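Read through the structure below, which is laid out as structure tokens, and then see the notes.
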Amino acid sequence: MKLLRRQFLHLAAGAVALPAVSRIAKAQTYPTRPVRIIVGFPPGITPDIVARLIAQSLSERLGQQFIVDNRTGAGTNIAAELVVRAAPDGYSLLVVTGTNTVNATLYEGLNFDIVRDIAPIVAYYRGPSVLVVNPSVPAKTLPEFIAYAKANPGKINYASDGNGTTTHVFCELFKVMADVDLVHVPYRGSYLPDLLSGQVQAAFSTPATTIAYIRAGQLRVLAVTSATRSDALPEIPSIGEFVPGYEANTWNGIGAPKSTPAEIISKLNTEINAVVADPQIKERFAKLGGTAIGGSPAEFGKLITSEIEKWGRVIRAANIKVE
1 MKLLRRQFLH
11 LAAGAVALPA
21 VSRIAKAQTY
31 PTRPVRIIVG
41 FPPGITPDIV
51 ARLIAQSLSE
61 RLGQQFIVDN
71 RTGAGTNIAA
81 ELVVRAAPDG
91 YSLLVVTGTN
101 TVNATLYEGL
111 NFDIVRDIAP
121 IVAYYRGPSV
131 LVVNPSVPAK
141 TLPEFIAYAK
151 ANPGKINYAS
161 DGNGTTTHVF
171 CELFKVMADV
181 DLVHVPYRGS
191 YLPDLLSGQV
201 QAAFSTPATT
211 IAYIRAGQLR
221 VLAVTSATRS
231 DALPEIPSIG
241 EFVPGYEANT
251 WNGIGAPKST
261 PAEIISKLNT
271 EINAVVADPQ
281 IKERFAKLGG
291 TAIGGSPAEF
301 GKLITSEIEK
311 WGRVIRAANI
321 KVE
């Protein structure tokens with residue numbers, strides 16, 4: 001009787017352990033087929049470029065293809081919902097950016113919640129935007145620009161990629177904190193031709209978008225949007241040096257459908273942290289004007305929630321509505 005009881009307890013313990021062993025085995029063998037990284041932006045801009053660098057490195061490290069899949073539309077919401085609805089098996093991943101945190105407040109009635117429905121894996125890239133002006137603007141420095149804007153309220157037009165985009169909310173935060181009156185001009189396509197011609201006078205843009213025009217003297221850079229100077233652009237002052245407390249960064253990370261096994265999340269986190277620690281990747285990021293981040297899923301989750309709160313306040317204060 002005791003022997004039978006011991007056999008029963010042994011079998012029961014084995015049965016309990018099987019699911020855990022199965023999950024660990026699955027994580028160890030993952031991935032066994034190509035993995036899609038869904039990007040809500042078109043090819044050729046920073047989130048896409050950085051995602052392709054990450055994808056290439058993961059393909060080399062893990063022996064399976066990591067394929068960037070650009071799914072644009074609805075301000076990146078189409079891409080996000082696609083991943084939210086995907087099987088939680090690690091084969092559909094989302095490039096999460098600051099745009100997703102803006103959209104949480106900007107769009108009413110979304111069919112998903114970026115905090116509830118996407119499991120954070122790791123943030124891997126952070127970069128400031130740059131405040132650039134057409135050379136027709138007489139200001140050579142940020143303090144001169146603020147003084148010029150205060151002396152000419154409502155006469156400086158600034159371009160953005162559209163209502164509620166980061167190029168919009170970054171400037172709205174600046175307007176409040178610097179106490180200046182700038183006129184927003186949203187674009188559906190590229191605003192660069194009008195910025196270069198002087199039809200609009202200013203923009204908060206990514207370094208990768210404007211660096212060639214800055215070097216050619218066609219645009220003047222006044223400041224970066226990070227709280228302190230950027231390691232990638234150390235010669236350019238930060239807005240925070242003249243407007244204390246101002247900070248606005250673009251950032252990219254990877255998320256997965258919420259119920260993705262913890263073992264797969266952990267494996268991806270470890271591998272991506274290893275990728276962004278590579279000096280060659282850091283150098284490529286620097287050429288885009290940014291730096292590598294890395295960290296834990298929990299740290300990335302805190303970044304997402306804090307950014308939702310921050311930009312939610314800006315959107316409500318400026319009464320920003322989606323186009």
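Residues 1 to 323 in the numbering used here are what the sequence shown spells out, letter by letter. Note that CB positions come from ideal geometry on N, CA and C, so glycine has one too. Note that the coordinates shown come from a computational prediction; the quantities given were computed from them, not determined experimentally.
With H, G and I counted as helix, E and B as strand and the rest as coil, what does DSSP make of residue i?
{"i": "N319", "result": "coil"}
{"i": "T291", "result": "strand"}
{"i": "R52", "result": "helix"}
{"i": "P31", "result": "coil"}
{"i": "D336", "result": "Past the boundaries of the shown model lies residue 336; the chain is included only from 1 to 323, so the question cannot be answered."}
{"i": "P153", "result": "coil"}
{"i": "A274", "result": "helix"}
{"i": "T105", "result": "helix"}
{"i": "D231", "result": "coil"}
{"i": "R85", "result": "coil"}
{"i": "R220", "result": "strand"}
{"i": "A139", "result": "coil"}
{"i": "V243", "result": "coil"}
{"i": "F145", "result": "helix"}
{"i": "R71", "result": "coil"}
{"i": "G189", "result": "coil"}
{"i": "N77", "result": "helix"}
{"i": "I45", "result": "coil"}
{"i": "S266", "result": "helix"}
{"i": "T165", "result": "coil"}
{"i": "S296", "result": "coil"}
{"i": "D194", "result": "helix"}
Closer than 7 Å by C-beta to residue i: which residues in its own chain qualify, once you throw out the five before and the five after it? Chain order, please.
{"i": "Y125", "result": "V50, W251, N252, F285, G290, A292 and I293"}
{"i": "P47", "result": "V39, F41, V95, T97 and N252"}
{"i": "N273", "result": "V122 and G294"}
{"i": "W311", "result": "T101, V102, T105 and V169"}
{"i": "P279", "result": "none"}
Do residue j and residue i have their beta-carbon atoms positioned less than 8 Å apart in this structure?
{"i": "A369", "j": "I308", "result": "Lying outside 1 to 323, the shown extent of the chain, residue 369 is not represented and no answer is given."}
{"i": "I67", "j": "P43", "result": "no"}
{"i": "D117", "j": "V84", "result": "yes"}
{"i": "F112", "j": "T72", "result": "no"}
{"i": "P153", "j": "D181", "result": "yes"}
{"i": "E323", "j": "P186", "result": "yes"}
{"i": "L106", "j": "G164", "result": "yes"}
{"i": "I156", "j": "V183", "result": "yes"}
{"i": "I264", "j": "V130", "result": "no"}
{"i": "I54", "j": "V132", "result": "no"}
{"i": "T167", "j": "F204", "result": "yes"}
{"i": "P207", "j": "L233", "result": "yes"}
{"i": "D401", "j": "I45", "result": "This structure cannot settle anything about residue 401, because the visible part of the chain is limited to 1 through 323."}
{"i": "G189", "j": "N134", "result": "no"}
{"i": "E271", "j": "L110", "result": "no"}
Give me, in chain order, the residues of the same chain whose beta-carbon lies closer than 8 Å to that of residue i; leave out the 5 immediate sequence neighbours on both sides.
{"i": "T305", "result": "V115"}
{"i": "K282", "result": "V276, T291 and A292"}
{"i": "T76", "result": "G40, F41, T97, T99, N100 and N103"}
{"i": "V137", "result": "F145, Y148, I156, Q201, A202 and R220"}
{"i": "I211", "result": "G289"}
Taking 8 Å as the CB-CB cut-off, is residue i touching chain B?
{"i": "A87", "result": "Protein chain content of the structure displayed is limited to a single chain, and chain B is not contained in it."}
In chain order, what residues of the same chain have a beta carbon less than 6 Å from the beta carbon of residue i, not counting five sequence neighbours either side?
{"i": "A351", "result": "For residue 351 there is no data in the structure shown, the boundaries of the chain being 1 and 323."}
{"i": "G260", "result": "What sits at residue 260 in the sequence shown is Thr, not Gly. If we look at T260 and ignore the five residues flanking it on each side, its Cβ neighbours are P88, G90 and A119."}
{"i": "K373", "result": "Because the chain in this structure spans residues 1 to 323, residue 373 falls outside the shown range and cannot be described."}
{"i": "R313", "result": "none"}
{"i": "Q218", "result": "L196"}
Just to check, is the beta-carbon of residue i closer than 7 Å to a non-hydrogen atom of the ligand NAP?
{"i": "I146", "result": "For the ligand NAP, the structure offers nothing, since it holds no ligand at all."}
Using 8 Å for Cβ pairs, my map puts residue i next to residue j. What's the rounded Cβ distance?
{"i": "S226", "j": "E241", "result": "Not quite, the Cβ-Cβ distance comes to about 10 Å (not below 8 Å), so this is no contact."}
{"i": "V243", "j": "A178", "result": "5 Å"}
{"i": "L62", "j": "P31", "result": "6 Å"}
{"i": "N269", "j": "S296", "result": "7 Å"}
Per DSSP, which one or two residues make a beta bridge with residue i?
{"i": "W251", "result": "R126"}
{"i": "Y158", "result": "H184 and A202"}
{"i": "F66", "result": "V35"}
{"i": "S92", "result": "R36"}
{"i": "V132", "result": "A203 and V221"}
{"i": "T97", "result": "N252"}
{"i": "S238", "result": "V224"}
{"i": "I118", "result": "P257"}
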